[in-house]
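Scroll down for the structure; my scribbles are underneath it.
There are 2 protein chains.
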Amino acid sequence: MSARRGSGPTMHDVGRLAEVSAMTVSRVLKNDPGVSESTRERVFAAVDRLGYRRNQTARSLRLGGSGMIGLVVTNLANPFYSRLALGVQEVATEYGFRMLLSNSAEQADREPALIDGLVDHQVEGLIVVPAGSRQQHLAGAMRHVPVVLAARPPAGLDTDCVLVEDFHGAREATACLLADGHTRIAFLGNPPALYTGAERLRGFWAAHEEVGVEPDHDLIRQGLVDAAAAERATLDLLARADRPAALFCTNNRISQGAIRALYKAGTTLPLAGFDDFDLADVLGLPLTVVSYDADEIGRQAARLLIDRLAHHDGAPPASRRVTVPTRVVRHGVPDGADGPDGATPEA
Amino acid sequence: MSARRGSGPTMHDVGRLAEVSAMTVSRVLKNDPGVSESTRERVFAAVDRLGYRRNQTARSLRLGGSGMIGLVVTNLANPFYSRLALGVQEVATEYGFRMLLSNSAEQADREPALIDGLVDHQVEGLIVVPAGSRQQHLAGAMRHVPVVLAARPPAGLDTDCVLVEDFHGAREATACLLADGHTRIAFLGNPPALYTGAERLRGFWAAHEEVGVEPDHDLIRQGLVDAAAAERATLDLLARADRPAALFCTNNRISQGAIRALYKAGTTLPLAGFDDFDLADVLGLPLTVVSYDADEIGRQAARLLIDRLAHHDGAPPASRRVTVPTRVVRHGVPDGADGPDGATPEA
DNA sequence: ACCATGCCCGTTAACGATAACAGTGCTTGG
DNA sequence: CCAAGCACTGTTATCGTTAACGGGCATGGT
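Chains S and G are the protein sequences, given in the same order. For the first sequence, the numbering used here gives the first residue as 1, with consecutive numbering after it. For the second sequence, the numbering used here gives the first residue as 1001, with consecutive numbering after it.
Structural data, given as C-alpha cells:
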C-alpha cells in the first residue's frame, strides 16, 4: 500500500506528507539542531504514519562507510566459534557496527570467495579465522580494509591477530598428567600444518622435557580432523599391547572422539585436552581441560579492528598480537569427593 | 596507495587505466556480450592491476535489492541455533544471498531494535526466531519485507513458519518412558508462555492419557530458563520423599542441568529429553532424546523466504507452515550391549 | 533606513554503478 | 551512392541520502 513498486517510502515521500523537503527530513532524523520544533513534529508524525526507515544502503554510499564488519569462521557449529562470533558482535554493536558472517566449513578453497563477497559488500574491516595454513588470498582484501586474524597467526602477512596461549596451555595440561605419574601419554592432534596443532604439540613436548621424560613416538597421532577420526585413532591405541597410560587431545572434538572410544572399549584412562566442553564435569573420567574464554577472542579481535578503523588516517600502528589466557581445569571423578568445584556458575 | 582517501578504486579508475568509460567496465564485469575482445582484456587487466572490486552498496542502490537476508536467533551459543544459521546460510548462498545475523540473547525487548537495524540495511527478507511470546513488533518489518518465523509459530500475525514436531516428539519420548514401566515422571520445562514449552507439555500429557496414567502435578516444573535452573529443580525433586522414577526435559540445556544434578546427587534415573546433544551416548544413563535436524529448519525457512521473494509480484500465496520431523533416539547404558548403534556417522 | 546576523529551510551536486538512450564507424544491399 | 543495419562505446539520468551552499525573513544595532 505504501510504495508503488520497489521497497518502501523515501525521504521525499515523508517530506511530501510533512510538507517539507527531503533535506529537512534528513536533518530531523539526524537530530540536526537547525529545525523548528513544529516542523520536527510534523516530520516525525509522517515518519510514523508511513513506517519510514532510512535506507542504510543509500546512506552507506553517501557517507562512505557501510557500518559493517565481516567475520569468517571455519565452523559455526562448533561452540568455540559461535561464542567467538558472539564476542565479535558484542563489541561491534557497542561501537555501532553490524556483523556480516560467513562460514568456510573448514574448506580453505572456499575462503577467498567468501572474503571477496564481504569486501564487495563494503565491510569496513574483516576478522578471519583462516581455514588453511597459507593466507596469500588475504593480501587482496587487505588492500581494501584492515584484517584481524583470530585463533591463528598471520603467515607471510602483516596483520593484527588474537591467539590463545596454545603452547602454554598444552604444556600445563600435559604437566598435570605427568605430575600424576603417567609417563606413557598418547598425543591425539589435529593437522600439524595448522598453527594450533603445531603449538600444542610443542607444549606437549616441552612438558615432557621439563621432567626428563621422552615421549613415545608411536603414541603420537596427528592429522585428526574430526571426532570420528579421533575415535578410530584412540581405539587403535587401546588395542596395542603397550597401551598408553593417559591421553592428551588437542581440541574438543578430538577429546569427544577419544571419550567415545574409551566408552565403547569399556575402559577408562586419564585424559587431558584443549578446550572445555559441555558435560565434561559429569563424565566420571579423570579429565583435565584447558579452558579459555572464546567470547574474549572475538571481543579482542573486534577491538583491534575497530581501533584500527578509528586511526586509519594517522600513521598505521605496527601490527599487534594479543593473547587470551588459558586456565587448566580439573574435572574430578565421582568418588573423588570434589563435587562442588568450579562447576557452571552461569552457563 | 590505490585510492586518494576513501575506500578503493572505482569503475572510473579502472576505465581510465583501460582507456574506456566506466560504462564499458560495467558491461565487461556484467558479462555483457556487446564488448570487443580486446577491450575486455584491457579492462580485466586494469581490474587486476588495481585490485578492483565492484561496490555492492552502489549496485544495491541502483538495482534495488541488497542481496541480503536477515536472521535473528535467540542464542547463537546454543548449537541448535548455530546449526539453524548454517542451514539458512547454505540455502541463501545457493540462491545468491548473503546472511546478516543478529543475536537477541533471549531478550525480547532487544529484538525490535535488531529487526529495525536489519530492515535499515535493506535486507530483502527476514527469518526470525522470536524471543518473546508476542510479536507485534514484527508487523512493522512485514510492511517492508517478507518474514518467516522459525521454531515458533506466529501469534497474531500472518507469516510463513517452520516448526519442529514439538507435540509429537514429546509425546513419543514420554511414551518410551511409560512403556518402560515408569509412571511417576517429572516434567522439567522451559517457560509455558513459549510455544515450544506449551506444546511439549501437551505432548507429555497426551502420552500419559493414552495409557491412562494421571501425571503428578507436584512433579511438573516449568519456567526453567537455563541449565542452572534445571539443576536446582532436579536436586529439589530428588530430595523429595516420593522422588520421581524418571525425568522428561524439554530442551538440551534442561537435560544437561538435570544430568548434572543426578551426577552430583550420585544417583541415576531414566531420562528423556527434547534435543540431542554431544556425548549423550556416552553418559552411561538410560537416555532417550528427541532428535531432529536443526540445519533443516534453517534450510526450510530460507526456502520459504526465497520462494516468497521470487513471487513477490504475483498474488501472495497464503501463509505456509512447514514441519520438520523428529526422531526418538535411545542412547543405551554401557552394559546394555548396544555399542554400535547409530553413533556419529560424520559429525 | 541600512546592513549584519541568525534562524530555518530549499537547491544542487555528489557517492558508485547501471538502464536507457544516443551516437560513431563500418559493412551490406538495393 | 545512400539507406539501413550491425557492432561497439559514450552520455545522461537515476537509485536514496546528505554535505555544502544559498536565500528568505525577522531581529537588532548604529
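C-beta atoms are modelled at their ideal positions from N, C-alpha and C, and glycine is treated no differently.
Comparing C-alpha distances from ARG1327/G to each of LEU1235/G, TYR1292/G, GLY1015/G and GLY1087/G shows the shortest one belongs to TYR1292/G.
The residue from SER1082/G, GLU1037/G, GLN1056/G and ASP1013/G with its alpha-carbon nearest to that of LEU1050/G is ASP1013/G.
Contacts with chain G at 9 Å (Cβ-Cβ) include THR57/S. By the 16-neighbour rule on beta-carbons within 10 angstroms, MET11/S is buried. Assigned with DSSP and collapsed to three states, PHE1097/G falls in coil, not helix or strand.
Looking at the backbone, the Cα of LEU1029/G and that of GLN1300/G are separated by about 33 Å. With its beta carbon at least 9 Å from every one in chain S, ILE1069/G lies outside the interface. The residues ARG171, in chain order, have a CB closer than 6 Å to that of ALA206/S in the same chain once the five nearest residues on each side in sequence are set aside. Using a Cβ-Cβ cut-off of 7 Å, PRO1079/G is close to ALA77 and PRO79 of chain S, given in chain order.
One Cα belongs to ALA1228/G, the other to GLY1257/G, and the distance between them is close to 6 Å. When 7 Å is used as the limit between beta carbons, ASP120/S is near these residues of chain G: ARG1053, ARG1054 and GLN1056, in chain order.
The beta carbons of ARG1240/G and ASP1218/G sit closer together than 9 Å. Collapsing the DSSP output to three states places LEU283/S in coil.
Under the three-state reduction of DSSP output, GLY1181/G falls in the coil class, being neither helix nor strand. Under the Cβ distance rule, HIS1144/G counts among the residues neighbouring chain S, one pair being separated by less than 9 Å.
Taking CB atoms only, GLY223/S has no neighbour in chain G less than 9 Å away.
Under the DSSP assignment, HIS331/S falls outside any alpha helix (DSSP H), being part of the beta strand (DSSP E) whose first and last residues are 327-331.
SER255/S sits in a helix when the DSSP states are folded into three classes.
Neighbours of ASN1031/G in chain S, taken as residues whose beta carbon is under 9 Å from its own, are absent, since the nearest beta carbon is some 16 Å off. Cβ neighbours of GLY70/S within its own chain (closer than 6 Å, five residues either side excluded): LEU100, LEU118, VAL123 and LEU126.
Listed in chain order, the non-local C-beta contacts of ASP1116/G below 8 Å within the same chain comprise GLY1140 and ALA1141, local neighbours out to five positions each way being set aside. Across the structure, LEU224/S and ALA151/S are spaced so that their CA atoms are roughly 18 Å apart.
Relative to the Cα of ASN1252/G, the nearest Cα in the group ALA1077/G, LEU1149/G, ILE1185/G and GLN1056/G belongs to ALA1077/G.
Cβ contact annotation for PRO1112/G (same chain, cutoff 6 Å, sequence separation greater than five): HIS1137, in chain order.
Contact between the region 1273-1283 of chain G and the region 270-280 of chain S is present: three or more C-beta pairs spanning the two stretches fall below 8 Å. Residues ALA131 of the same chain have their beta carbon placed closer than 7 Å to that of GLN107/S, with the five preceding and five following residues left out of the count. The continuous beta strand (DSSP E) containing ARG1321/G extends over residues 1321-1324. The continuous alpha helix (DSSP H) containing ASP48/S extends over residues 37-50. The three-state reading of DSSP puts SER291/S in strand, counting E and B together.
Neighbours of LEU101/S in chain G, taken as residues at a C-beta separation under 7 Å, are given in chain order as MET1099 and LEU1101. Interface with chain G (9 Å Cβ-Cβ cutoff): GLY117/S is included. Put simply, of LEU201/S, GLN89/S, SER60/S and GLU296/S the residue whose alpha carbon is nearest the alpha carbon of CYS161/S is GLU296/S. DSSP, read as helix, strand or coil, puts PHE80/S in helix. Below the 9 Å Cβ cutoff, chain S contributes LEU76, LEU101, SER102 and ASN103 as neighbours of GLN1089/G, in chain order.
Taking CB atoms only, TYR263/S has a neighbour in chain G less than 9 Å away.
In terms of Cβ geometry, LEU201/S and GLY189/S form a close pair [threshold 9 Å].
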